[in-house]
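Note that the protein sequences, when read in sequence, are chains A and B. Numbering of the first sequence is given in our numbering, commencing with residue 1 and proceeding in unit increments. Numbering of the second sequence is given in our numbering, commencing with residue 213 and proceeding in unit increments. We treat Cβ as the ideally placed atom computed from N, Cα and C, and that holds for glycine. Everything numeric in this text was worked out from a predicted model, so none of it was measured.
2 protein chains.
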Amino acid sequence: MTETTRPMRRQDIRRENEKAILLAAEKVFAEAGFGGATMQLIADLAGLPKANLHYYFATKEELYRSVVQNIFEIWLQAANCFDVARGPIDGISAYIDAKMEISRRHPDGSKVWASEVMHGAPVLQDYMESTLREWTDGRVAIVRRWIEEGKMDPVDPRHLLYMLWATTQHYADFGHQIETLNGGKPLSDRQWREAKENIKRVILTGIGAQPA
Amino acid sequence: MTETTRPMRRQDIRRENEKAILLAAEKVFAEAGFGGATMQLIADLAGLPKANLHYYFATKEELYRSVVQNIFEIWLQAANCFDVARGPIDGISAYIDAKMEISRRHPDGSKVWASEVMHGAPVLQDYMESTLREWTDGRVAIVRRWIEEGKMDPVDPRHLLYMLWATTQHYADFGHQIETLNGGKPLSDRQWREAKENIKRVILTGIGAQPA
DNA sequence: TTGCATCCTGACCGTATGGTCAGCTTTCAG
DNA sequence: CTGAAAGCTGACCATACGGTCAGGATGCAA
């Protein structure tokens with residue numbers, strides 16, 4: 001009677017449940033932090049009994065780790081925009097767009113990531129020391145090259161990167177504050193567009209990479 | 213034997229203990245989040261028995277609220293730089309300096325504030341809807357005036373403010389990430405100076421407010 | 001059809017945590 | 001000096017949480 005779908009195959013069951021749990025966990029971890037999140041709440045949100053969570057993820061830590069790693073993947077993927085670009089205008093524009101889209105579509109993930117880093121990255125320390133460092137060094141080299149080629153002013157690449165991360169991430173992490181200051185309403189399509197435009201204009205102008 | 217100071221007066225005792233508790237609480241809340249923080253840990257860090265905490269602060273929520281309100285005060289005070297300035301160069305420079313100094317000297321407080329907002333500002337919602345909104349509207353008006361007076365390009369004042377908040381706050385909230393990418397060492401005096409300089413240069417240039 | 005691996009779950013457990021309280025010590029006004 | 005108010009604290013309690021487990025249900029290969 002309550003069944004609307006055909007009996008599932010094992011593979012599908014596993015995949016769907018894991019997905020539901022990860023989605024619910026992301027939201028709960030984002031809203032309450034690791035310490036404030038409870039397995040019970042995640043289970044309720046995922047529509048599963050609590051014991052079932054432990055069938056898929058042995059411990060709360062393991063579940064949390066999975067959530068954080070997921071975000072990290074998405075976060076790193078936004079990097080591609082940077083690489084294929086031929087100059088700061090293309091590259092930084094695309095990167096800002098990509099990161100703003102993540103902030104908009106994936107605010108919970110962004111918050112979990114922020115929370116993880118704020119608390120000293122207990123789970124991701126090794127990633128930060130390897131993958132993140134490599135990624136950053138690569139991007140720093142690219143920016144340096146752009147500077148040498150006269151495509152932008154000599155700005156410290158690291159602080160520029162931090163600025164990009166901070167500004168774009170802010171729209172997810174501090175979304176509640178922005179919403180409150182926006183009269184309690186989420187940003188509209190137009191406002192998101194304006195946000196992107198403003199950020200891009202200020203930064204690109206700021207580093208002397210404006211077209212005209 | 214262990215007494216190095218003369219017996220204290222009641223007033224002093226109260227003041228000192230409250231201060232010690234608030235300091236310890238700020239650190240623990242910053243490191244573990246509200247849910248992950250324990251009264252026991254705060255008590256240990258403050259060097260007091262747990263029951264004593266409850267003598268000064270009835271509940272964990274009340275203690276947390278005090279910590280958050282403290283930060284909010286400091287945060288708002290940085291605003292003054294903005295008001296007394298005669299133009300964007302002075303005002304924004306001073307504001308960036310002030311907020312960066314907060315990020316450097318008060319990273320725990322900044323993290324607690326960030327955490328509070330990220331979790332939907334359960335404690336500070338009323339403040340955000342009154343004080344913060346008023347403050348923001350005031351600053352928006354100032355920026356608008358600067359634009360009308362031709363002292364800077366027509367940038368959306370709100371997104372500019374968000375950019376200032378995000379960029380400066382990032383050095384506290386994501387301090388661990390920055391430290392990791394800095395070879396595991398905290399930023400030196402020189403690096404902090406460079407950070408400020410870079411941010412100021414990019415933003416002031418970006419909004420067309422550079423002196424020359 | 002059968003046997004088995006996978007999937008599921010209600011009931012349970014040990015522990016850690018926020019909070020309480022009775023009764024002690026210390027300060028200090030009168 | 002004295003009594004009351006303020007300050008302090010070890011021991012205690014109820015609860016909520018992460019995690020376990022025995023045993024039932026279900027899909028599926030042979």
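If we count the other Cβ atoms within 10 Å of its Cβ and call it buried at 16 or more, is residue i buried or exposed?
i: A:LEU204; result: buried
i: B:ARG218; result: Note that B:ARG218 scores 47 on pLDDT, short of 50, meaning its location in the model is unreliable and no value can be drawn from it.
i: B:ILE304; result: buried
i: A:SER110; result: buried
i: A:THR131; result: exposed
i: A:VAL84; result: exposed
i: B:SER315; result: buried
i: B:GLN252; result: exposed
i: B:PRO366; result: exposed
i: B:ASN292; result: exposed
i: A:ALA43; result: buried
i: B:GLY350; result: exposed
i: B:ASP368; result: buried
i: B:SER327; result: buried
i: B:PRO319; result: buried
i: A:GLU16; result: exposed
i: B:ALA270; result: exposed
Residue i lies in the alpha helix (DSSP H); which residues open and close that run?
i: B:GLY362; result: B:GLY362 -> no alpha helix (DSSP H), and no H or E assigned at all.
i: A:GLY183; result: That residue, A:GLY183, is in no alpha helix (DSSP H); it is neither H nor E in DSSP.
i: B:ARG165; result: The structure shown does not extend to residue 165 of chain B, since chain B is modelled only from 213 through 424, so no value can be given for it.
i: A:ALA114; result: 107-118
i: B:PHE294; result: 292-296
May I ask you to report which of helix, strand or coil DSSP gives residue i?
i: A:PHE29; result: helix
i: B:PRO261; result: coil
i: B:PHE386; result: coil
i: B:SER351; result: First, the residue type needs correcting, since residue 351 of chain B is Arg and not Ser in the sequence shown. Of the three classes helix, strand and coil, the one that applies to B:ARG351 here is helix, per DSSP.
i: A:ALA94; result: helix
i: A:LEU124; result: coil
i: A:ARG10; result: helix
i: A:THR5; result: Because the pLDDT of A:THR5 is 43, which lies under 50, any placement of that residue in the model is unreliable, and the question is left without a value.
i: A:ASP156; result: coil
i: B:GLN403; result: helix
i: A:GLN40; result: helix
i: B:ALA236; result: helix
i: B:PHE246; result: helix
i: B:ALA511; result: This structure cannot speak to residue 511 of chain B, because chain B is shown only from 213 to 424.
Am I right that residue i and residue j are in contact with their C-beta atoms under 8 Å? What's the rounded C-beta distance?
i: A:PHE29; j: A:TYR64; result: 6 Å
i: A:GLU31; j: B:HIS331; result: 6 Å
i: B:GLY259; j: A:GLY35; result: The pair is not a contact, with the Cβ atoms about 23 Å apart (cut-off 8 Å).
i: A:LEU124; j: A:PHE72; result: 7 Å
i: B:LEU376; j: B:ILE308; result: 7 Å
i: B:PHE386; j: A:VAL117; result: 5 Å
i: A:ILE199; j: B:HIS371; result: 7 Å
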